[in-house]
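Asker: Counted from 1, the sequence shown has number 62 at position 62 by the UniProt record's numbering; the numbering is strictly sequential. First the structure, which I've put down as structure tokens, then a few questions once you've had a look.
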Amino acid sequence: MIGPIEVTGDIMCTVGGPMADIDIKKMKTRKCRCLDCGNEFKGVGRRVICPSCQSDNVECEG
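Now the structure itself:
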């Protein structure tokens, strides 16, 4: 099983679990906003972390 991931533009980071080849263009992303720093980004997975401040106080659409 692959852990949750975060997506910002063309950059992808794993948050846990093994590395795997993932076609990011086929994954459904959600628009997210950090409630601590206001950063807006696209996220994937259940536990999204802000790529700017590493906060988990994030609100995502969908």
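Idealized CB from N, CA, C, for every residue including glycine.
In chain order, what residues of the same chain have a beta carbon less than 8 Å from the beta carbon of Asp36, not counting five sequence neighbours either side?
Answerer: Cys50, Cys53, Ser55 and Asn57
Asker: In chain order, what residues of the same chain have a beta carbon less than 8 Å from the beta carbon of Thr29, not counting five sequence neighbours either side?
Answerer: Excluding residues within five positions, the ones whose Cβ falls inside 8 Å are Val7, Lys42, Gly43 and Val44.
Asker: Along the chain, where does the beta strand (DSSP E) that runs through Glu59 open and close?
Answerer: Val58 to Cys60
Asker: Assign Lys31 to one of three DSSP states: helix, strand, or coil.
Answerer: Three-state DSSP puts Lys31 in a strand.
Asker: Hey, out of Asp23, Lys31, Asp21 and Arg47, whose CA is closest to residue 64's CA?
Answerer: Residue 64 lies beyond the residue range present for the chain, which begins at 1 and ends at 62; the question has no answer from this structure.
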